[in-house]
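A.B. asks:
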Amino acid sequence: GSVTNLFTSIVGNVFGFKALRALRLEDLRIPVAYVKTFQGPPHGIEVERDKLNKYGRGYLGCTIKPKLGLSAKNYGRAVYECLRGGLDFTKDDENVNSQPFMRWRNRFLFVAEA
Numbered sequence: 002g003s004v005t006n007l008f009t010s011i012v013g014n015v016f017g018f019k020a021l022r023a024l025r026l027e028d029l030r031i032p033v034a035y036v037k038t039f040q041g042p043p044h045g046i047e048v049e050r051d052k053l054n055k056y057g058r059g060y061l062g063c064t065i066k067p068k069l070g071l072s073a074k075n076y077g078r079a080v081y082e083c084l085r086g087g088l089d090f091t092k093d094d095e096n097v098n099s100q101p102f103m104r105w106r107n108r109f110l111f112v113a114e115a
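Here the sequence shown stands for residues 2 to 115, numbered as in our numbering.
1. Can you grab the Cα-Cα spacing for the pair Ala73 / Phe90, in whole Å?
2. On the DSSP bridge list, what partners appear for Gln100?
3. Below 8 Å between beta carbons: does that hold for Val48 and Leu26?
4. Pick helix, strand or coil for Thr64, following the three-state DSSP scheme.
5. Helix or strand or just coil, what does DSSP make of Lys19?
6. Can you tell me which of the three DSSP states Lys74 falls into?
7. To the nearest angstrom, how far is the alpha carbon of Ser3 from that of Thr38?
8. Would you give the residue range spanned by the alpha helix (DSSP H) that Thr5 belongs to?
9. Spatial neighbours of Thr9 within its chain, please: C-beta separation below 7 Å, excluding the five flanking residues on both sides.
10. Under the rule that 16 or more other beta-carbon atoms within 10 Å means buried, what is Tyr35, buried or exposed?
11. Verify the contact flag: Thr9, CB atom, against every heavy atom of the ligand GDP, threshold strictly below 7 Å.
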């Protein structure tokens, strides 16, 4: 199981719809059989804090926008600017995948360089 995939499947972009301003998720029941497929994180938060040398506060991150239309190079530049500006991480929008104008491998290489 994957918490990320679970929540993307359930709520996805629904909370971004302007017509649904009052929408909220109040309850979620996950079948026991599905819960058993979750192995948990490979390590705890302290390992992540040690990697980033960030302690005593939450992490600050963002989703790169616009999600479509950027070249891999410009996407990498956006990541660079976010990290240079003080963010701890960035993430792909769940819809980005590997588009013809921005293949995953190319995006990965430019982001790794950032």
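C-beta: ideal position from N, C-alpha, C; glycine also.
C.D. replies: This is what the structure holds:
1. Ala73 and Phe90: Cα-Cα distance of roughly 17 Å.
2. DSSP output for Gln100 lists Met103 as bridge partner(s).
3. Contact flag unset, no.
4. When DSSP states are grouped into helix, strand and coil, Thr64 belongs to the strand group.
5. If DSSP states are grouped into helix, strand and coil, Lys19 belongs with the helices.
6. Here Lys74 sits in helix by DSSP.
7. When rounded, the distance between both Cα atoms is 8 Å.
8. That run of the alpha helix (DSSP H) goes 4-11.
9. Taking C-beta separations shorter than 7 Å and ignoring five residues to either side along the sequence, the partners of Thr9 in its chain run Glu95, following chain order.
10. The residue is exposed, with fewer than 16 neighbouring Cβ atoms inside 10 Å.
11. You won't find the ligand GDP in this model; it holds no ligand whatsoever.
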